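Residue numbers for the sequence shown follow my numbering, beginning at 25 and rising by one. Backbone N, C-alpha and C fix where the C-beta goes; we use that ideal spot for every residue, glycine too. Quantities reported herein were computed from a predicted structural model and do not represent experimental measurements. What follows is a single structure, written as structure tokens, with notes after it.
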Amino acid sequence: MSKYLAIQLKALSAIGKAGGDAVISRPFGGTLDPVTDVSTGDVIVSTTTKAVRLPASGGKIQAFDAKFKEDLKKGLITFFYIAAGGMTFSPEAGDKMTFGGKNWVLAGATPLIPDGLTPLIYAAGAKESVT
Numbered sequence: 025m026s027k028y029l030a031i032q033l034k035a036l037s038a039i040g041k042a043g044g045d046a047v048i049s050r051p052f053g054g055t056l057d058p059v060t061d062v063s064t065g066d067v068i069v070s071t072t073t074k075a076v077r078l079p080a081s082g083g084k085i086q087a088f089d090a091k092f093k094e095d096l097k098k099g100l101i102t103f104f105y106i107a108a109g110g111m112t113f114s115p116e117a118g119d120k121m122t123f124g125g126k127n128w129v130l131a132g133a134t135p136l137i138p139d140g141l142t143p144l145i146y147a148a149g150a151k152e153s154v155t
């Protein structure tokens, strides 16, 4: 086992202890109707991992617009560390994540890949979803 695979497993364990189970889902293979902007025939692919929700910063959030600030204060927008170990695909913007009994839509996810090959964790931003 490579050094970075071992670190990936340690990250999975640590994030699991601090957080909990997460399921990330993505529609795949559907056909998009350009008129209605609705996709049909999707197959939903999912991967299970561990994630930890980061507390909202009490610091200044001057870089964000007013709506984002309000959603952040209300807890509708949050940030996660997501363990990469065992995932079948990398999370990306638009993926849905179930964590802590709530549904979230990922705004994006940035991997930590020190060796250029093995992602250890993802830092992700997400907005609470009603679906």
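- Non-local C-beta neighbours of Val-62 in its own chain, meaning closer than 8 Å and more than five positions away in sequence, comprise Leu-56, ordered along the chain.
- Around the C-beta of Pro-115, 16 or more other C-beta atoms lie within 10 Å, and the residue is accordingly described as buried.
- Pro-79 is classed as exposed because its beta carbon has fewer than 16 other beta carbons within 10 Å across all chains shown.
- Within the same chain, and ignoring the five residues on either side of Leu-36 in sequence, the residues whose Cβ sits closer than 7 Å to its Cβ are Lys-74, Ala-107, Gly-109 and Gly-110.
- In the three-state DSSP reduction, Leu-141 falls in the coil class, being neither helix nor strand.
- In the three-state DSSP reduction, Lys-120 falls in the strand class (E or B).
- Taken atom to atom, the span from the alpha-carbon of Ala-131 to that of Thr-102 is near 10 Å.
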